[in-house]
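Contents: one structure, followed by commentary.
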Amino acid sequence: MAEPLLTVADLRKRYGALQVTDGVSLAVHPHEIHAVIGPNGAGKTTLIHQMFGSVRADSGQIRLDGHDITRLAPHRRARLGLARSFQITSVLPEFTVLDNVALAVQGALRSAFRFVRPARREAALNEPALVALARVGLHARAESLAGSLSHGEKRQLELAMALAAKPKVMLLDEPLAGAGPEEAARLIALLRELRTHCAIVLVEHDMDAVFQLADVISVLAQGRVIAWGPPAEIRRDPAVRAAYLGEDF
Amino acid sequence: MTLLVVQALNGFQLGMLLFLIAAGLTLVFGVMNFVNLAHGVQYMLGAYLGVMFARIAGGFWSGLILASLAAGAFGLVLERLIFRHLYARSELDQVLATFGVIITLNEGVRLVWGSAPLELPMPDALSHSFQLMDGLRYPVYRVALAVTGLVVAGLLALVVNGTRAGMLIRAGASNQEMVSALGVDIGRLFRMVFGVGAMLAGFAGVLAAPLVSVEPNMGDNLLILAFVVIVIGGTGSIRGAFLAALIVGLVDTLGRSMITDFAHAVLSGPASSRVGPALASMLIYLVMAAVLAVRPAGLFPLRS
């Protein structure tokens, strides 16, 4: 098997008396969808935050494509190829769809601060942005205001923004949250398509989606990885069943 | 009638001055959620530096340019030494620390230049007045100040609305976490905004210096007005700051002259001469309350 793109080794984070991340290790390989599941309060979101750098780990190591990124600021991680979508939809509503994605392209360029040129004619930004929009099937709405999109479309836009940076790994925190059944089906198809471009770490509550999409699942409970493996194994794992006791699984 | 015209012009010009100060303040507040009370002393410092550089370099214009640059540089030094450590802190900490900067700088200025007011002579080319209408001459310098404010507002609008750097600033104001997730160094973005804001406040200080007396604490009142401006306009919004600065400038100036007459007409006796000025200084706060009652996040809120 190829070298992992993203590795997390013995990561620990404590908030007061609460050990939210208790020695988590995992490895994400190229073009792999690695799902992180677990009951509420298992520490999934905190784990994603540490991977992305908005929360600093107490100890342990995170490596991205050979770089130790454990102590890097979020924007430095982004430049090394880590993209992220947020649990709360975060597009800029007063910008057009295209401008949102162009901003993501701009952020990925080292020259982000040199663009004191007229914005709308900046083909170097708009062309990759349009490509990313086409990939998520949103190119027809390029000129709409992001605020006018439906919930599912906003999710697509976020994915386009994450894609536009040409990331190596995408961290997706509940990309299906709040989507209706039809929207969810479209987003699942989209995520399946996206894995051809990059690896994906997926935190998701929708178990149907997780078992459809994931190559590897890590199950988190009380800050620990209690099981990991392909979906078929995870489904049979007794420890997982115990952790999810009472939940729909 | 002539009085009204003069007051309207003065109000417009106060509005432009307020805009120059509020522009930087609103961006700093909007982008970083940083409450910088020390923004007003940048204005004062600009005026003092203007006086100093005008004497050294021999003229208003070189004073204006050098003082603006120096004020911007000084702002960056303050950011580096003090403000940077406050971004993650609570608003109370920010208010206390930046209030400390106000006190320190007001006293510092007193130490260096003394507490006697200084004067900055107008540039010769603008020191005359012109015939505006029958029986009314108006100083060219005041017109020039207002026009400068308009030009700067136009330039800022162009940069903020029309360029990629401006989009980054607007995006940073509305969602800082996301912008850093896109790979943008938000700290650097902020330093850029901060430096320009400090420079504009200093610039405004030099421009105002020939019309007012240059003294310690001269920025304190304007700071309060500038905060009223950004609250009315919506924090982080340049467009809002512009409109609100105009409103505050006009309401404050016209209100002071008209309310007194009005009070005299409605009330009689000694009460009228007390009520007038009291009402006049309350007027902009009444306007602010009215705006906030209708639009709680200001005229042009950035965050929805």
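Line by line, the protein sequences are chains R and S. So in my numbering, the last one in the first sequence is 261, and the numbering has no gaps at all. So in my numbering, the last one in the second sequence is 320, and the numbering has no gaps at all. C-beta: ideal position from N, C-alpha, C; glycine also. Since this is a predicted model, take the numbers as computed values, not measurements.
Under DSSP, ILE45/R forms a beta bridge with ILE212/R. Look at MET138/S here: in three-state DSSP terms it is coil, with no helix or strand label. Sequence-distant Cβ neighbours of CYS210/R in its own chain, meaning closer than 7 Å and more than five residues away, are PRO179, LYS180, VAL181 and MET182. Bounds of the beta strand (DSSP E) holding ILE229/R are 228-233. Of all residues in the segment 183-197 of chain S, only MET183, LEU184, ARG186, ALA187, SER190, ASN191, GLU193, MET194, VAL195, SER196 and ALA197 come within less than 9 Å of chain R when Cβ atoms are compared, listed by chain position. Taken through DSSP and simplified to helix, strand or coil, VAL67/S comes out as helix. Here ARG207/S has LEU92 and GLU95 as same chain residues with Cβ atoms under 7 Å from its own Cβ, once five neighbours each way along the sequence are excluded. Around the beta-carbon of THR269/S, 16 or more other beta-carbon atoms lie within 10 Å, marking it buried. By DSSP's assignment, LEU184/R forms a beta bridge with SER97/R and LEU214/R. If you ignore the 5 residues before and after ASN122/S, its C-beta comes within less than 7 Å of the C-beta of VAL57, PRO232 and ASN233, all in its own chain and listed in chain order. In the structure shown, LEU19/S falls within a helical segment according to DSSP collapsed to helix, strand and coil. For the 8 Å CB-CB criterion, GLY249/S and PHE28/S do not form a contact. Residue contact check for PHE223/R against chain S: no CB pair falls below 8 Å.
Annotation for VAL36/R: no alpha helix (DSSP H) segment contains it, though the beta strand (DSSP E) segment containing it runs 30-40.
A contact between stretches requires three or more CB pairs, one per stretch, nearer than 8 Å, and the segment 49-63 of chain S fails this requirement with the segment 168-182 of chain S. Using a Cβ distance threshold of 8 Å, SER145/S and ARG153/S count as a contacting pair. When secondary structure is reduced to three states using DSSP, PHE316/S falls in the coil class, being assigned neither helix nor strand. Taking all protein chains shown into account, GLN147/S has fewer than 16 neighbouring C-beta atoms within 10 Å of its C-beta and is therefore exposed.
Ranked by how close their Cα comes to the Cα of GLU44/R, the residues ILE238/R, LEU121/R and ARG204/R have ARG204/R in first place. Considering only ALA69/R, HIS41/R and ASN112/R, the residue with the shortest C-alpha distance to LEU23/R is ALA69/R. Interface flag for VAL200/S against chain R is set, since a Cβ pair is found closer than 8 Å.
DSSP places TYR59/S in the helix class (H, G or I) of the three-state scheme. Within chain S, no residue has its beta carbon less than 7 Å from that of ALA136/R; the closest one is some 10 Å off. CA-to-CA, the gap between LEU110/R and LEU94/R works out to about 21 Å. Under the DSSP assignment, ASP236/S falls in the alpha helix (DSSP H) whose first and last residues are 234-249. According to the DSSP secondary-structure assignment, ASP80/R is paired through a beta bridge with ARG75/R. Between LEU299/S and ILE275/S a beta carbon distance of about 7 Å is seen, short of the 8 Å cut, so the two are scored as contacting.
The Cβ of ARG253/R sits no closer than 8 Å to any Cβ of chain S. By the C-beta criterion, the segment 246-255 of chain R is judged not to be in contact with the segment 17-28 of chain S, since fewer than 3 inter-stretch pairs fall below 8 Å.
Interface annotation, LEU115/R: in contact with chain S, CB-CB separation under 8 Å. Using a 10 angstroms sphere on the CB of GLU245/R, the tally of other CB atoms stays under 16, which defines it as exposed.
The three-state secondary structure of LYS56/R, taken from DSSP, is helix.
Residue burial is scored here from C-beta neighbours: THR120/S has fewer than 16 other C-beta atoms within 10 angstroms and is therefore classed as exposed. Under the Cβ criterion (8 Å, minimum of three pairs), the segment 75-82 of chain R does not count as touching the segment 162-177 of chain S. GLY235/R counts as buried, since at least 16 other C-beta atoms from the protein chains shown sit within 10 angstroms of its C-beta. Close to chain R, meaning a Cβ-Cβ distance shorter than 8 Å, are the following residues of the segment 161-184 of chain S: VAL175, GLY178, THR179, ARG180, ALA181, GLY182, MET183 and LEU184.
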